[in-house]
Amino acid sequence: MSNVTMREMLEAGVHFGHQTRFWNPKMAHYIFGQRNKIHIINLEKTLPMCKDATSFLGKIASQKGKILFVGTKRAASKAVKEEADRCGMPFVNHRWLGGMLTNFRTVKASIRRLKELEAMAETGTYEKINKKEILNLKREQEKLDKTLGGIKDMGGLPDVIFVIDVGFENIAIKEAVKLGIPVVGVVDTNHSPNGVDYVIPANDDSMRAIKLYTRLAADAILDGKATIVAPKVDAEKPAKKDAKKAAPKADDAEKAPAKKAAKKAATKKAAE
20 MSNVTMREML EAGVHFGHQT RFWNPKMAHY IFGQRNKIHI INLEKTLPMC KDATSFLGKI
80 ASQKGKILFV GTKRAASKAV KEEADRCGMP FVNHRWLGGM LTNFRTVKAS IRRLKELEAM
140 AETGTYEKIN KKEILNLKRE QEKLDKTLGG IKDMGGLPDV IFVIDVGFEN IAIKEAVKLG
200 IPVVGVVDTN HSPNGVDYVI PANDDSMRAI KLYTRLAADA ILDGKATIVA PKVDAEKPAK
260 KDAKKAAPKA DDAEKAPAKK AAKKAATKKA AE
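If you read the sequence shown in our numbering, its first letter stands for residue 20, the second for the next number, and so on.
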């Protein structure tokens with residue numbers, strides 16, 4: 020994992036919380052103080068908690084687990100997609116559909132439909148239908164791609180979800196908690212850390228800060244994936260088997276002239 024420093028966090032504005040009048044008392048433990056009616060987050064707590072969270076993501080990735088990146092608000096959308104793509108993980112960055120986890124069977128049917136439409140576009144099936152139908156199909160594809168494009172290759176439920184802004188993505192967290200899926204989340208001073216297994220107390224509004232969190236998560240995942248050992252193919256075993264098979268044939272070849280000679284001798288004796 021690429022090591023993050025407190026200076027990097029300060030430069031990204033990770034320490035800026037919300038206005039003091041909107042604070043959540045459950046976040047009091049992570050607040051350093053206030054300045055101009057804005058809560059200041061204690062980075063001495065954030066830094067080790069961020070490292071713990073990203074280490075956990077790396078561990079899951081090293082076990083070939085799937086980590087779903089979730090960040091649907093405007094400030095998070097771009098960074099979530101870019102970093103999830105970079106580390107080869109699924110993501111939701113447009114809108115969280117209710118039941119995306121708890122009703123995954125229905126979601127899978129919509130994913131199949133999206134893949135059908137993509138296949139139609141690639142194979143040139145659109146050329147055989149009229150323009151109005153093509154337009155409707157393209158609109159349907161765009162709509163499905165916005166909401167499901169990031170999870171179309173997920174295959175099944177994720178092993179972990181990584182959430183930017185737990186308040187904005189509260190439905191996703193409720194679904195994950197219901198299914199027992201661990202949650203890693205960025206929690207600002209105006210939200211509750213309830214339901215989050217790995218809390219990162221930090222600013223969830225700054226685009227620069229969000230880019231930092233998603234980059235650290237992606238780096239940890241890539242490091243975890245790099246530790247996966249590919250299964251070794253034992254090339255010697257087939258070679259030994261082939262040698263054993265070949266050996267009897269060689270013996271037979273040696274025995275053949277001896278057999279012929281013995282046969283000739285027996286025939287000669289009989290003739291005498």
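Positions of the beta carbon are idealized from the N, C-alpha and C atoms, including for glycine.
- When beta bridges are read from the DSSP output, residue 248 appears opposite no residue.
- In this structure residue 210 touches residue 43 by the C-beta definition: roughly 6 Å separates them, less than 8 Å.
- Separation of the CB atoms of residue 36 and residue 233 is rounded to 20 Å, and the pair is thereby denied contact status at 8 Å.
- Distance between residue 71 and residue 24, taken at the CA atoms: about 14 Å.
- In the DSSP assignment, residue 77 falls within the unbroken alpha helix (DSSP H) covering 62 to 81.
- Excluding five sequence positions before and after residue 92, the CB atoms of its chain that fall closer than 8 Å to its own CB belong to 183, 184 and 187, given in chain order.
- Only residues of its own chain outside the window of five on either side were considered, and among them 229, 230 and 233 have a CB closer than 6 Å to the CB of residue 98, listed in chain order.
- As DSSP reads the structure, residue 110 sits in a beta bridge with 88.
- Contact annotation: residue 79 and residue 109 have beta-carbon atoms that are not nearer than 9 Å.
- Residue environment: residue 88 is assigned as buried (16 or more neighbouring CB atoms within 10 Å of its CB, all protein chains considered).
- Collapsing the DSSP output to three states places residue 169 in a helix.
- Inclusion of residue 77 and residue 243 in the CB contact set at 9 Å is warranted, their separation being smaller than that value.
- In the DSSP secondary-structure assignment, residue 54 is bridged to 57.
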